[in-house]
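For reference, the structure discussed in these notes is given below.
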Amino acid sequence: MQKVQVVSWSLQQNIAQIVIDNPPVNVLSADVIEQLNTAVEEIEKDSKVKVVVLTGAGEKAFVAGGDIKGFPEWIGKGVEVAKQKSLWLQEPLNMIEKLTHPTIVAINGLALGGGCELALSCDIRIAEEHVEIGLPEVKLGLFPGAGGTQRLPRLIGKARAKEMIFTGEPLSAVEAERIGLVNHVVPKGKSLEKAMEIASKICNHSSIPVSFAKHSIDEGYEQPLNEGLVTEASYFGHVFQTEDVQEGVEAFIQKRKPNFQDQ
């Protein structure tokens, strides 16, 4: 029996658009996890891609959470079984975070539990004004296991992350923007448009320095400042060996628009 397509991606110029379509609320089922892994692998290998945009189909939910109906199979089977399930859930999110290209998520509906964790794995988050985003797992007697306890405090600080996780209460889009959980709040139905707008601006630049900058930020953030500065200097050294930096500097001196190789 052929599996239903619940994750698809398409290429629009240099922007890869991933859509999760698992009605009614786009839960992170086993099929979604598997197909998301495949989509990210394909995107990473596609030389035409410069930016990745992720969203959910429909209007009700971006991703409403994990597939809770499958959780009973994990209960009481030993620590290692549940640990491996957590690592399995984390896998596509880790792959998204480590993508060479910048990633932008258009949060067009509920982003709870695994949906919030999926959004956290992206570089830039756009939320529509009606969106609620949070980690309600404690209400089910558990806690986030797809990266929430690690990525959320790194993004908004440990104290705020603890309050969100300990209470399980979601935030409005406006509150999420205020504390830095999302970059922009837009009217209903406009998140994908805003994401594509930002993606198009990124595509105007050479993908090499953008990629180096992403790696420098992500790697350096986990290091002490003195080590992070060395990481930055190393990537800075590499970018100065590219043809695009030569083109960019010459274009500036000649007062013209640069013509980068991947444009």
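As numbered in numbering that gives the first Met the number 0, the sequence shown has no gaps in its residue numbers, which increase by one up to the final residue, 262.
Just so it is clear, CB atoms sit at the ideal spot from N, CA and C, and this is done for glycine as well.
- Going by C-alpha positions, Asp66 is about 14 Å away from Gln89.
- For the pair Ala63 and Leu92, the Cα-to-Cα distance works out to about 15 Å.
- About 6 Å separates the beta carbons of Leu98 and Glu43, which is inside the 8 Å limit, making them a contact pair.
- Following the DSSP letters along the chain, one finds Glu131 inside the beta strand (DSSP E) bounded by residues Glu131 to Gly133.
- In terms of Cβ geometry, Ala105 and Ala194 form a close pair [threshold 8 Å].
- Beta-bridge annotation (DSSP): Gly65 is paired with Leu27.
- Note: Trp8 is bridge-paired with Ile17 in the DSSP secondary-structure output.
- Bridge partners of Glu226 according to DSSP: none are assigned.
- The beta carbon of Ile95 is closer than 7 Å to those of Val39, Thr102, Ser120 and Cys121 in its chain, skipping five residues each way along the sequence.
- By the Cβ-count criterion, Ala29 is exposed, with fewer than 16 other Cβ atoms from all chains shown falling within 10 Å of its own Cβ.
- Contact check for Ala145 against Val130 fails: the beta carbons are separated by 8 Å or more.
- Counting C-beta atoms within 10 angstroms of its own C-beta, Gln4 has fewer than 16 neighbours from the protein chains shown and is therefore classed as exposed.
- For the alpha helix (DSSP H) assignment, the uninterrupted runs of no fewer than 4 residues enclosed by the region 181-260 are, from N- to C-terminal side, 190-202, 206-220, 224-238 and 242-252.
- For the pair Asn25 and Ile19, the CB atoms are nearer than the 8 Å cut-off.
- Under the DSSP definition of a beta bridge, Gly55 partners with Ile19.
- For the pair Asn107 and Val184, the Cα-to-Cα distance works out to about 10 Å.
- Apart from the 5 residues on each side of it in sequence, Ile123 sits with its Cβ closer than 6 Å to the Cβ of Ile103 and Asn182 in its chain, given in chain order.
- Assignment of Glu127 by DSSP, reduced to helix, strand and coil, places it in the strand class.
- Of Pro23, Ser215, Ile32 and Phe251, the smallest CA-CA separation from Lys2 is found for Ile32.
- Assignment of Ser171 by DSSP, reduced to helix, strand and coil, places it in the strand class.
- C-alpha of Gly112 to C-alpha of Ala232: approximately 37 Å in a straight line.
- DSSP places Ala158 inside the alpha helix (DSSP H), whose first and last residues are Lys157 to Thr166.
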